[in-house]
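Below: the structure, in structure tokens.
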Amino acid sequence: MMRDHDGLHIPSAMPACSRQQTAVLRLLGRLEFMTTEQLHRLVYPQQSRDTVLYHLRDLASKELIWRVHVPFQGVPVPAQRGRCGPPMKLPYVYGLTAAGRMVLELSLIHI
12 MMRDHDGLHI
22 PSAMPACSRQ
32 QTAVLRLLGR
42 LEFMTTEQLH
52 RLVYPQQSRD
62 TVLYHLRDLA
72 SKELIWRVHV
82 PFQGVPVPAQ
92 RGRCGPPMKL
102 PYVYGLTAAG
112 RMVLELSLIH
122 I
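Right, dumping it as structure tokens:
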């Protein structure tokens, strides 16, 4: 694993990214962070949620984006009450890592 003079991870080669994954990187570069649902609607409107999660996991495994769970405090109360079935999963928020920003800069993709 290579690191720059500040200790940041430098990708050894330009990771292969699809057109949609590149759009995710560009959006996160501009907007700082987004939810799974927002990325689904903006970048993958015709794709299934499983496809979206696959692409986001792939970007996270390449360390180009980070993700964290968001607590349910921001979810409207009616969405939590009277619900049957398994418990709701915590939503994720995604952001661009330093390596992801570097990939955008090195590939001359304008943020």
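For the sequence shown, the numbering used here begins at 12 and goes up steadily by one.
Ideal Cβ positions, reconstructed from N, Cα and C, are used throughout, including at glycine.
For clarity, every value in this text was computed on a predicted model and none was experimentally measured.
Which residues DSSP lists as bridging L107, in chain order: I76
T62, buried or exposed, once every other Cβ within 10 Å from all chains shown has been counted against 16: T62 counts as exposed, since fewer than 16 other C-beta atoms from the protein chains shown sit within 10 angstroms of its C-beta.
Residue from F44, H66, R52, Q49 with nearest C-alpha to T33: In this structure, H66 is the residue among F44, H66, R52, Q49 with its C-alpha nearest to the C-alpha of T33.
The stretch 41 to 55 / the stretch 111 to 118 touching (three or more Cβ pairs under 8 Å): no
Closest by C-alpha distance to T47, when choosing among K100, V104, L36, T108: V104
Spatial neighbours of R60 in its chain, beta-carbon cut-off 7 Å, leaving aside the 5 residues before and after: H51
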